[in-house]
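Notes for the one structure printed next.
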Amino acid sequence: MTLHLLKLCVGVGSIADLEARHAKRRRKSFYVHVTRMVPRRADELLDGGSLYWVIKGRITARQALRGIEPFADAEGVGRCRLLLDPVLVPVVPRPFRAFQGWRYLADADRPADLRGVADLPAELRLELAALGLV
C-alpha cells in the first residue's frame, strides 16, 4: 500500500522559490531534505510515495521519494535524510492547516497532479482551483 508524507515548507512563497532552494541543496541526481524523525512506515513510503509540500497554507507540489537514510549528526542526534526526485510536480492546490514535523498522507487522500496548467503562473493556478476549474 502506497503512503505519502506531508511537510510544511517554511519560508518559501511559491514553487519557484522551492526550486531555487533545491538548486542549492542538490546531491547527484536527487534532492536531500533532512528531518528530525525517521518515518516508521518507510516501506510503504518507498512503494511509490511522494513528499507533498504545504506552501502558504496549501498543498501545492510533490516530489517522489527515492530513499530514506537514518543518520546521527555531529552532536550524535538522530536525523533522517529524505532522498527526493529533483522534479517538483505541481498538484491541485488544497488548503491545509499548519502543523509541526510531517504527517502521513493516505494515497486516497492525495491531491491530483496538475496536468496542462502547470506552466501557468502560481496565482492563476490558485484562482482556477478556487473556482473548481482544475
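Here the sequence shown is numbered in this note's numbering, starting from 186 and rising by one per residue.
Think of the CB as a built atom: it goes at the ideal place given N, C-alpha and C, for glycine as much as any other residue.
These numbers were taken from a predicted model, which means no experiment stands behind them.
A201 has its alpha-carbon roughly 15 Å from the corresponding atom of Y216. The straight-line gap separating the alpha-carbon atoms of R206 and R282 is approximately 23 Å. Distance from the Cα of R251 is smallest, within the candidate group L313, G286, K209 and D232, for D232. In this structure the stretch 273-290 does not touch the stretch 251-260; the number of beta carbon pairs closer than 8 Å is below three. Boundaries of the beta strand (DSSP E) harbouring A257: R243 to A257, taken from the DSSP string. A distance below 6 Å between beta-carbons, with the five flanking residues on each side excluded, links A249 to the following residues of its chain, in chain order: S235 and D270. Ranked by Cα distance from I253, the first of A246, V274 and L230 is L230. Here A297 is exposed, its C-beta having fewer than 16 other C-beta atoms within 10 Å.
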